[in-house]
Amino acid sequence: MANSLTWYGHSALGLETGGKRLLIDPFFSGNPSAQVSAADMQADYLLVTHGHGDHIGDTVTIAARTGATVIANFEICNWLSAQGVDHTHAQHLGGGFQHPFGYLKLTLALHGSAMPDGSYGGNPAGFLLTTNDGKKVYFAGDTGLFGDMKLINEEGLDVAVLPIGDNFTMGPQDALRAVKLLAPKHVIPIHFSTWDIITQDANAWAAQVMRETGAQAHVLSPGQTFAF
Ligand code: NI
Ligand code: MN
-10 MANSLTWYGH SALGLETGGK RLLIDPFFSG NPSAQVSAAD MQADYLLVTH GHGDHIGDTV
50 TIAARTGATV IANFEICNWL SAQGVDHTHA QHLGGGFQHP FGYLKLTLAL HGSAMPDGSY
110 GGNPAGFLLT TNDGKKVYFA GDTGLFGDMK LINEEGLDVA VLPIGDNFTM GPQDALRAVK
170 LLAPKHVIPI HFSTWDIITQ DANAWAAQVM RETGAQAHVL SPGQTFAF
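Structural data, given as structure tokens:
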């Protein structure tokens, strides 16, 4: 069964896999790139990489309306429970769990994770998902480049979703180095051009990735879907 990954702008992504609907970092309200509204989004699971407002986004309201289960680190899950979110599943770095949609492991991310109200959001994370049809997808979250991406490479990645915006995360040159470390079949850039401070030429980056690596780079427009 095909998997379909939709980019909603900034770091907000949707993944349909095995009949389950996932939203990753569901930031729609106040997201200048988003073409859809939080009120229209459906989900079975919400995955949150870290506590920053541009990632936790509309998690509380979407969870309340849909009854979706939120998967995040322990500290974020506690914070969400205190906000009235009924269904959470806490994991932590290096820990994986077989969910109905696949095996999900939290990975290292070099970043921060304070919650929007300033409270402690634990450590930031990325996600490594093995779908039930055996596809490996790595969502880096917000992160700087780190050498242990080599270990993630050993998983044999079908798709890597990487930030390229610079300033808050890897910029284009470090994201290119990340592609070389990760060696995915496909790579999708995110976390760029939402605001002036992270504006990047993603098409130029994609062209360089395809010149210098074996990965296929796919620059999506907000709302566009990549099937794999
Ligand atoms: Ni962040
Ligand atoms: Mn961010």
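Quick note on the numbering used here: the sequence shown kicks off at -10 and runs consecutively.
By construction, the Cβ of each residue, glycine as well, lies at the ideal position given by its N, Cα and C atoms.
- One alpha carbon belongs to Met138, the other to Val126, and they sit about 13 Å apart.
- Assignment of Ala103 by DSSP, reduced to helix, strand and coil, places it in the coil class.
- Look at Trp(-4) here: in three-state DSSP terms it is strand.
- Closest by C-alpha distance to Phe63, out of Arg54, Gly130, Thr55 and Thr77, is Thr77.
- Per DSSP, reduced to three states, the secondary structure at Asn62 is strand.
- In this structure Leu209 touches Trp(-4) by the C-beta definition: roughly 4 Å separates them, less than 8 Å.
- Taking one beta carbon from each stretch, the stretch 57 to 76 and the stretch 175 to 194 have fewer than 3 pairs nearer than 8 Å; the two do not touch.
- Short of 6 Å from the beta carbon of Ser18, and not among the five residues preceding or following it, lie these beta carbons of its own chain, in chain order: Ala27 and Asp47.
- For the 9 Å CB-CB criterion, Ile153 and Ile186 do not form a contact.
- When rounded, the separation of the alpha-carbon atoms in Asp14 and Arg200 is 30 Å.
- A Cβ-Cβ separation of about 4 Å places Pro173 in contact with Ala149 under the 8 Å criterion.
- One thing to note: Phe16 has its Cβ no nearer than 9 Å to the Cβ of Ile60.
- The alpha carbon of Asn142 has as its nearest neighbour, out of Lys169, Thr6, Leu165 and Asp163, the alpha carbon of Lys169.
- Relative to the non-hydrogen atoms of ligand 2, the Cβ of Thr48 never comes closer than 8 Å to any of them.
- In this structure, the straight-line span from the alpha carbon of Pro105 to that of Gly7 is close to 33 Å.
- Nearest to Leu12 by alpha-carbon distance, out of His39, Ile51 and Asn20, is Ile51.
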